[in-house]
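Participant: The sequence shown maps to residues 18 to 247 in my numbering. Quick reminder that beta carbons are idealized off the backbone N, C-alpha and C, glycines included. Okay, handing you the structure first.
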Amino acid sequence: MAESFVIEAAPAASVPVFGQKGRFPVHRIYCVGRNYAAHAREMGKDPDKDPPFFFCKPADAVVTDGADMHYPPGTKNLHHEIELVVAIHRGGANIPVARALEHVYGYAVGLDMTRRDLQQEAKDAGRPWDFAKAFDESAPISAIYPVASHGHHSSGAITLSVNGEKRQSQDLGDMIWSVPDTIAFLSQYYRLQPGDLIFTGTPAGVAAVRQGDVLVGAVQGLAELKVKIV
Ligand code: MN
Numbered sequence: 018m019a020e021s022f023v024i025e026a027a028p029a030a031s032v033p034v035f036g037q038k039g040r041f042p043v044h045r046i047y048c049v050g051r052n053y054a055a056h057a058r059e060m061g062k063d064p065d066k067d068p069p070f071f072f073c074k075p076a077d078a079v080v081t082d083g084a085d086m087h088y089p090p091g092t093k094n095l096h097h098e099i100e101l102v103v104a105i106h107r108g109g110a111n112i113p114v115a116r117a118l119e120h121v122y123g124y125a126v127g128l129d130m131t132r133r134d135l136q137q138e139a140k141d142a143g144r145p146w147d148f149a150k151a152f153d154e155s156a157p158i159s160a161i162y163p164v165a166s167h168g169h170h171s172s173g174a175i176t177l178s179v180n181g182e183k184r185q186s187q188d189l190g191d192m193i194w195s196v197p198d199t200i201a202f203l204s205q206y207y208r209l210q211p212g213d214l215i216f217t218g219t220p221a222g223v224a225a226v227r228q229g230d231v232l233v234g235a236v237q238g239l240a241e242l243k244v245k246i247v
C-alpha cells in the first residue's frame, strides 16, 4: 500500500540519463574537497598532507535539463567549480578499491557552485560549510552517461569556460584521489546507496560568476554542461 502524507511530499530529485527515457533518482550528493593539487594550492593548502574530506549537498540542489541557475542570495562572490560526477547504482559499505567501479552506474559533468565569501567566513570561524556549499540550485549537472554505453572515465580533459573564455582546464588523471579511491574511502564512513552522486573535486582556476554569464563545462569523451546564471 502506498504511504500517505499529511502534507504534499516534495517531488524526488532526478537527473536525465543519456539515451534512456527513465531518469536517475538522486538519493544523496557527496562532494570531495581539494582533489586536484593545483586547486588545493590556490586555496592555500598543501595537497600532499591532507587525506580526502567530504561535504554534502541536498539532493534537490541539482539543476538539470538545461535550466538556468538563479544567482543565490547571501553572497557577493559566487564561484564555479567544474567536476566529474559519479552516479552510484549499487550500494555498499567498506567497498574495496578493486571492486569500487562495479558500483558506478555512469558519469556526468557537474558544477559545485560555491558562495566563496561565506566559505571563507566559515573557515575563519571554524563553522560548517553548509551555507557556502549546500544552497538551493548549487549543483547544476549534465545528463548521466551510463558505463554500459560510455565506459569509465579516469583521464581526459576537464574544462570550464565562462562567456567563451577558458577558466579551468586540467586532466581527470590529475586527481589526487581516483574515483575508485574516493568510493572506497567514502564507503568506510557512509553506506552508499543506489542514487548517490559523488562530485569528485575541481581543478584549479575557480573564479567568480555574475548574472548573465554562460558557463560551459565539459569532460572529454563524456558530456557538456551549459548553464546560464540569471
Ligand atoms: Mn568542489
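1) Report the rounded CA-to-CA distance for P68 versus P197, giving the unit in angstroms.
2) How far does the alpha helix (DSSP H) with A235 in it extend, from its first residue to its last?
3) With burial defined as no fewer than 16 other Cβ atoms inside 10 Å of the residue's Cβ, what is the status of Q187: buried or exposed?
4) Who are the Cβ neighbours of D213 in its own chain at under 6 Å, not counting the five residues just before and after it?
5) Would you say the beta carbon of G238 comes nearer than 7 Å to a heavy atom of ligand 1?
6) Using a threshold of 8 Å, state whether the C-beta atoms of A165 and A55 are closer than that.
7) Touch check for the region 93 to 110 and the region 121 to 141: three-plus C-beta pairs under 8 Å?
8) Mapping DSSP to helix, strand and coil, what is D77?
9) Excluding the 5 residues flanking A149 on each side, which residues of the same chain have their C-beta closer than 7 Å to its C-beta?
10) Kindly list the residues whose CB is nearer than 6 Å to the CB of K243, restricted to its own chain and excluding five residues on each side of it in sequence; keep chain order.
11) Closer than 6 Å by C-beta to Y88: which residues in its own chain qualify, once you throw out the five before and the five after it? Chain order, please.
12) With distances taken between CB atoms, is the gap from L239 to Y124 smaller than 8 Å?
Facilitator: Short version:
1) So the two alpha carbons sit approximately 15 Å from each other.
2) That residue, A235, is in no alpha helix (DSSP H); its beta strand (DSSP E) goes V231 to V236.
3) Around the beta carbon of Q187, 16 or more other beta carbons sit within 10 angstroms, so the residue counts as buried.
4) The residues are H44, R45 and I105.
5) No - ligand 1 has no heavy atom lying nearer than 7 Å to the Cβ of G238.
6) No. Outside cutoff.
7) Contact between the region 93 to 110 and the region 121 to 141 is established, with three or more Cβ pairs separated by less than 8 Å.
8) Looking at D77 - three-state DSSP - the assignment turns out to be helix.
9) Closer than 7 Å at the Cβ level, and outside the excluded window around A149, lie T131, R132, L135, Q136 and A139.
10) Apart from the 5 residues on each side of it in sequence, K243 sits with its Cβ closer than 6 Å to the Cβ of V233 in its chain, given in chain order.
11) The residues Q228 and I246, in chain order, have a CB closer than 6 Å to that of Y88 in the same chain once the five nearest residues on each side in sequence are set aside.
12) Yes. Within cutoff.
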